[in-house]
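Participant:
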Amino acid sequence: MERPFKVVIAGEKHVGKSSLVHRFKHNQFPLKDLRSTIGFEFTIETITLTDGATVKIHLYDFGGEPGFRMIFPQYASNCDGLILAFDPSREETFEALHEWIKVYEQGEDNTDSINFLVSTKADLGITTSPLKINEFRNKYPITEYFKTSAITGENTERLFQRIAMVIHQKHQK
Ligand SMILES: Nc1nc2c(ncn2[C@@H]2O[C@H](COP(=O)(O)OP(=O)(O)OP(=O)(O)O)[C@@H](O)[C@H]2O)c(=O)[nH]1
Ligand SMILES: [Mg+2]
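Once you know that position 103 of the sequence shown is 105 in my numbering, the rest is easy, because the numbers rise by one and skip nothing.
Listed below in structure tokens is the structure:
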């Protein structure tokens, strides 16, 4: 088996990062409101890809609290993947991703990272304009974009499957 891959999930406070991880791990929306993440939460995920290969992911779920941004480059270094999450019902959380990706790029050895852009809470029925999404994708190296909901489970499994797959394939070459 390959070495474990390091994947970071980041974005503003309250956008639903931990709920997304919880949905993926337990296949359900958290029964109680999760507490805001302090610093970061680390978990290990084993993902079986569609081709049968098994990939180990070291997942770092960072708290979005502005104060934690300072520690971000230090812990988010040598990463294989980044999930940038925003809540479409709060546009400022999308705008803040310019800052998050800049800070991420300060991390050591993140230049080769596979980056995904993810909107959360799709169940609310609010969409960010495709123009804005495309603009962001043209400005930064974003490989894929997903609209997700931790409540309905829309694209949650798929998101983690895909990022694991893309990183895995990159290492096959
Ligand atoms: N409608 C809706 N609400 C959600 C969804 N996911 C999370 N929430 C709500 O959004 C709030 C924040 O969720 P968290 O998962 O704690 O957000 P976070 O991004 O981890 O927040 P920090 O740890 O503070 O950075 C909670 O009240 C959740 O119930 C979703 O898919 N749909
Ligand atoms: Mg959290």
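Beta carbons: idealized from backbone N, C-alpha and C, even for Gly. Keep in mind that this is a model prediction, so the values were computed, not measured.
(1) Mapping DSSP to helix, strand and coil, what is Lys58?
(2) Taking the CB atoms as reference points, tell me whether Ile46 and Ile59 lie closer together than 9 angstroms.
(3) Would you be able to state if there are at least three C-beta pairs under 8 angstroms between the stretch 76-94 and the stretch 28-39?
(4) Measuring alpha carbon to alpha carbon, tell me which of Leu161, Leu99 and Leu126 ends up nearest Tyr142.
(5) Beta-carbon within less than 7 angstroms of Ile165's beta-carbon, same chain only, minus the 5 sequence neighbours each way: which residues are those?
(6) Considering Cα atoms alone, identify which of Ala55, Ala12 and Ala152 is closest to Asn29.
(7) Which residues bound the alpha helix (DSSP H) around Leu22?
(8) Thr39: beta carbon under 8 angstroms from a heavy atom of ligand 4?
(9) Using a threshold of 8 angstroms, is the CB atom of Lys19 nearer than that to any non-hydrogen atom of ligand 2?
(10) So does Glu14 have its beta carbon nearer than 8 angstroms to some heavy atom of ligand 2?
(11) Grab the span of the alpha helix (DSSP H) containing Phe96 for me, first residue to last.
(12) Thinking C-alpha only, which one of Leu133, Ser79 and Thr130 is nearest Gln108?
(13) If you follow the beta strand (DSSP E) that Leu36 is part of, which residue opens it and which one closes it?
(14) Go ahead and label Asp111 buried or exposed: buried means 16 or more other beta carbons lie within 10 angstroms of its beta carbon, across all protein chains shown.
Facilitator: So, from the listed chains and residues:
(1) If DSSP states are grouped into helix, strand and coil, Lys58 belongs with the strands.
(2) With a cutoff of 9 angstroms on beta-carbon distance, Ile46 and Ile59 are scored as near each other.
(3) Flag = no, the stretch 28-39 and the stretch 76-94 do not touch.
(4) Leu99
(5) Same-chain partners within the cutoff: Val9, Gly83, Ile85, Ile116 and Phe118.
(6) Ala152
(7) Lys19 to His28
(8) In the structure shown, ligand 4 is absent; the only ligands present are ligand 1 and ligand 2.
(9) yes
(10) no
(11) Glu93 to Glu97
(12) Scanning Leu133, Ser79 and Thr130 for the CA closest to the CA of Gln108 turns up Ser79.
(13) For Leu36, no beta strand (DSSP E) encloses it, and the DSSP letter there is neither H nor E.
(14) With fewer than 16 other beta carbons inside 10 angstroms of its own, Asp111 counts as exposed.
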